[in-house]
Amino acid sequence: MRVVIAEDSVLLREGLARLMEIGGIEVIDTVGDAEALLRSVERDRPDLVVADVRMPPDQSDEGVRAALVLRRQYPDLAILMLSQYVEERYAVELLTGQMRGIGYLLKDRVADVAEFLASLKRVADGGTALDPEVISQLLVRRNGSELDRLTPREREVLSHMAEGRSNAGIAAVLVLSEGAVSKHINSIFTKLGLPPSDSGNRRVLAILKFLQGNTKDRS
1 MRVVIAEDSV LLREGLARLM EIGGIEVIDT VGDAEALLRS VERDRPDLVV
51 ADVRMPPDQS DEGVRAALVL RRQYPDLAIL MLSQYVEERY AVELLTGQMR
101 GIGYLLKDRV ADVAEFLASL KRVADGGTAL DPEVISQLLV RRNGSELDRL
151 TPREREVLSH MAEGRSNAGI AAVLVLSEGA VSKHINSIFT KLGLPPSDSG
201 NRRVLAILKF LQGNTKDRS
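Residue 101 in full-length UniProt numbering sits at position 101 of the sequence shown; the count goes up by one each step and never skips.
Written out as structure tokens, the structure reads:
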């Protein structure tokens, strides 16, 4: 896995690079702003970008806007965004597009090194990694969508799916059997209108409905 890190804090940038190198991940470049990120990706074609949501010069949404540009230009590029706080608008803006190889985590998650490295590898492999705090805020704001058909347990399972957990991972967190988790997921697919004949990945489509439903609730 070849990674480019985009983070304006030198201390965090170097810390991330060190953690990744210890985890056997090759860091091919580290940059401090969005323009440098775009140039680095064009030049080096990494497998994964890890970028801050807020970057110079304005410290607003430069990181997200750069990520959206990269997603359009390089659809196979995996991207993991990091943020100091839950910035729901930015999360939804990025995540309601192509769901393959995408993540959004709070910077606090870096402290759990093993889980952070696992998230990096999951995203690089085409999976998702959505911070539990973002999920919580989306669920709190959810109102009057087709997600209302889901039971509380099914919404809980779907939120863990959005975090990128496997059936086994969800079972471990919720203290359920994998069979029970599978039944909940099949019920979610049915209630969200995702029959087995769908050509897309139903797991990804369910997460998209989750995110899009919450976006509509705020419009």
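Just so you know, even glycine gets a beta-carbon here, dropped at the ideal spot from N, CA and C.
Same chain only: Cβ atoms within 8 Å of residue i, ignoring 5 sequence neighbours per side
{"i": "residue 69", "result": "38"}
{"i": "residue 64", "result": "53, 81, 90, 93, 94"}
{"i": "residue 74", "result": "41, 45"}
Beta-ladder partner(s) of residue i, from DSSP
{"i": "residue 129", "result": "103"}
{"i": "residue 206", "result": "Residue 206 is not bridged to any residue."}
{"i": "residue 26", "result": "2"}
{"i": "residue 31", "result": "6"}
C-alpha distance - residue i paired with residue j, whole-angstrom precision
{"i": "residue 173", "j": "residue 21", "result": "29 Å"}
{"i": "residue 47", "j": "residue 125", "result": "9 Å"}
{"i": "residue 151", "j": "residue 118", "result": "29 Å"}
{"i": "residue 23", "j": "residue 182", "result": "32 Å"}
{"i": "residue 14", "j": "residue 103", "result": "20 Å"}
{"i": "residue 12", "j": "residue 61", "result": "19 Å"}
{"i": "residue 40", "j": "residue 154", "result": "41 Å"}
{"i": "residue 147", "j": "residue 160", "result": "15 Å"}
{"i": "residue 1", "j": "residue 121", "result": "8 Å"}
{"i": "residue 29", "j": "residue 194", "result": "41 Å"}
{"i": "residue 31", "j": "residue 149", "result": "45 Å"}
{"i": "residue 27", "j": "residue 85", "result": "25 Å"}
{"i": "residue 180", "j": "residue 189", "result": "14 Å"}
{"i": "residue 71", "j": "residue 77", "result": "7 Å"}
Beta-carbon proximity check, residue i vs residue j, cutoff 8 Å
{"i": "residue 80", "j": "residue 123", "result": "yes"}
{"i": "residue 178", "j": "residue 186", "result": "no"}
{"i": "residue 158", "j": "residue 210", "result": "yes"}
{"i": "residue 4", "j": "residue 58", "result": "no"}
{"i": "residue 135", "j": "residue 111", "result": "no"}
{"i": "residue 16", "j": "residue 113", "result": "no"}
Collapsed DSSP secondary structure at residue i in the structure displayed
{"i": "residue 81", "result": "strand"}
{"i": "residue 48", "result": "strand"}
{"i": "residue 7", "result": "coil"}
{"i": "residue 134", "result": "helix"}
{"i": "residue 12", "result": "helix"}
{"i": "residue 59", "result": "coil"}
{"i": "residue 150", "result": "coil"}
{"i": "residue 72", "result": "helix"}
Residues near residue i in its chain [Cβ-Cβ closer than 7 Å; skip 5 each side]
{"i": "residue 191", "result": "149, 150"}
Any non-hydrogen atom of the ligand ADP within 7 Å of residue i CB
{"i": "residue 10", "result": "The model on display carries no ligand, and the ligand ADP is accordingly not part of it."}
Own chain partners of residue i with C-beta closer than 6 Å, once the 5 adjacent residues on each side are dropped
{"i": "residue 109", "result": "116"}
{"i": "residue 7", "result": "13, 52"}
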